[in-house]
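Inspection log for the structure reproduced underneath, given as structure tokens.
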Amino acid sequence: MAIWVASRRRGAKSLEAEFPGAAVVDVTSKGPEPWVRFSPFWPHGDVPVPGMPGTVSASVEGVWQGLKVFEGDDVDPSKFRVTSMKGLKRTVRRHGPVLGHRLGDELVPYERARREIYLPTYRWVLENRLGDLVERLRATGDVVLLDYTVNGDVADVRTPLSHAALVRSWVGSGTVADAARRGPG
1492 MAIWVASRRR GAKSLEAEFP GAAVVDVTSK GPEPWVRFSP FWPHGDVPVP
1542 GMPGTVSASV EGVWQGLKVF EGDDVDPSKF RVTSMKGLKR TVRRHGPVLG
1592 HRLGDELVPY ERARREIYLP TYRWVLENRL GDLVERLRAT GDVVLLDYTV
1642 NGDVADVRTP LSHAALVRSW VGSGTVADAA RRGPG
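Counting in my numbering, the sequence shown runs from 1492 upward without gaps.
This is the structure in structure tokens:
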């Protein structure tokens, strides 16, 4: 079984030419059921918020956006309650430059926030909400996971992290820590 990550913007012919015979699975917020459930925007519910014992969020993206701190705005716990998959993003255009993410009482920089907030939160969802779909992917054979970004390197903060790369890593090895691994899973 091989697993690749490709851009959702690619055409079907391009994907078939590069990955002949592989199943193509769109795991973005625009993907079909049931695969859309891999989207960080999907409202699984009761997702623990790192650094805030007893606090839960509807989604991974709710955690990520809710804990983001801007020059002109602190955390926004209302993002933890968003279940519509819309209205989650908090942008620099509206709130000013990002200062980091709140982890307990500490403001942590972007890469550390990825490692200590995003990865554990997404891993929790994979373990506790998506086990059946993970098993379906494992049983599928060769798979191309579509995402808007293909960056699987947690340390590369120049571009957004691909959650599809985390899925690839989890399906292939049972961990999200080695998501930066290139090539088939």
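Beta carbons: idealized from backbone N, C-alpha and C, even for Gly.
Remember, it's a predicted structure, so these values are computed and weren't measured experimentally.
Residue i classed as buried or exposed, judged by whether at least 16 other C-beta atoms fall within 10 angstroms
{"i": "Ser-1660", "result": "buried"}
{"i": "Val-1583", "result": "exposed"}
{"i": "Arg-1673", "result": "Because Arg-1673 sits at a pLDDT of 36, beneath the cut-off of 50, its placement in the model cannot be relied upon, and the following sentence gives the value as read from the coordinates. Result: exposed."}
{"i": "Leu-1617", "result": "buried"}
{"i": "Pro-1544", "result": "exposed"}
{"i": "Pro-1534", "result": "buried"}
Residues of its chain near residue i, where Cβ-Cβ distance is below 6 Å and the 5 sequence neighbours each way are ignored
{"i": "Gly-1563", "result": "His-1586 and Gly-1587"}
{"i": "Ser-1548", "result": "Val-1538, Val-1540, Val-1554 and Phe-1571"}
{"i": "Arg-1581", "result": "Gln-1556 and Lys-1559"}
{"i": "Thr-1612", "result": "Val-1551 and Val-1554"}
{"i": "Arg-1501", "result": "none"}
Minimum C-alpha distance to residue i - residue among the options
{"i": "Arg-1620", "options": "Gln-1556, Leu-1594 and Pro-1525", "result": "Pro-1525"}
{"i": "His-1441", "options": "Arg-1584, Arg-1614, Phe-1561 and Tyr-1613", "result": "Residue numbering for the chain in the displayed model covers 1492 to 1676; residue 1441 lies beyond these limits and cannot be assessed."}
{"i": "Gly-1542", "options": "Val-1566, Phe-1529 and Pro-1523", "result": "Val-1566"}
{"i": "Gly-1622", "options": "Gly-1522, Arg-1528, Ser-1520 and Glu-1507", "result": "Arg-1528"}
{"i": "Glu-1626", "options": "Gly-1502, Pro-1511 and Val-1658", "result": "Val-1658"}
{"i": "Val-1516", "options": "Val-1667, Leu-1636, Arg-1649 and Ser-1505", "result": "Leu-1636"}
{"i": "Tyr-1639", "options": "Ala-1513, Ser-1505 and Val-1518", "result": "Val-1518"}
{"i": "Ser-1520", "options": "Pro-1531, Asp-1596, Ala-1508 and Gly-1595", "result": "Pro-1531"}
{"i": "Val-1667", "options": "Thr-1650, Ala-1508 and Ile-1608", "result": "Ile-1608"}
Element boundaries [beta strand (DSSP E), containing residue i]
{"i": "Ser-1520", "result": "Where Ser-1520 is concerned, there is no enclosing beta strand (DSSP E), given that its DSSP letter is neither H nor E."}
{"i": "Leu-1594", "result": "1589–1594"}
{"i": "Asp-1623", "result": "First-last for Asp-1623: 1622–1631, but that is the alpha helix (DSSP H), not the beta strand (DSSP E)."}
{"i": "Ala-1513", "result": "Taken as a continuous stretch (DSSP letters only), Ala-1513 belongs to no beta strand (DSSP E), as it is neither H nor E."}
{"i": "Ala-1497", "result": "1494–1498"}
{"i": "Val-1560", "result": "1559–1561"}
{"i": "Leu-1579", "result": "No beta strand (DSSP E) contains Leu-1579, which DSSP labels as neither H nor E."}
Cβ neighbours of residue i in the same chain (closer than 8 Å, five flanking residues each side left out)
{"i": "Val-1682", "result": "Residue numbering for the chain in the displayed model covers 1492 to 1676; residue 1682 lies beyond these limits and cannot be assessed."}
{"i": "Leu-1598", "result": "Val-1560, Leu-1590, Gly-1591 and His-1592"}
{"i": "Trp-1615", "result": "Val-1538 and Pro-1539"}
{"i": "Thr-1546", "result": "Pro-1539, Val-1540, Pro-1568 and Phe-1571"}
{"i": "Leu-1624", "result": "Pro-1525, Trp-1526, Arg-1528 and Phe-1529"}
Other residues of its chain near residue i: CB distance less than 7 Å, five sequence neighbours each side excluded
{"i": "Val-1648", "result": "Tyr-1601 and Glu-1602"}
Alpha helix (DSSP H) segment containing residue i, residue limits
{"i": "Leu-1657", "result": "1654–1664"}
Discussion item. Between the stretch 1572–1586 and the stretch 1541–1560, can you find at least three pairs of beta-carbon atoms closer than 8 Å?
Written reply: Contact between the stretch 1541–1560 and the stretch 1572–1586 is present, because at least three Cβ pairs lie under 8 Å.
Worksheet item: Are there three or more Cβ pairs, one per stretch, closer than 8 Å when the stretch 1630–1639 is compared with the stretch 1594–1602?
Response: Contact between the stretch 1630–1639 and the stretch 1594–1602 is absent, because fewer than three Cβ pairs lie under 8 Å.
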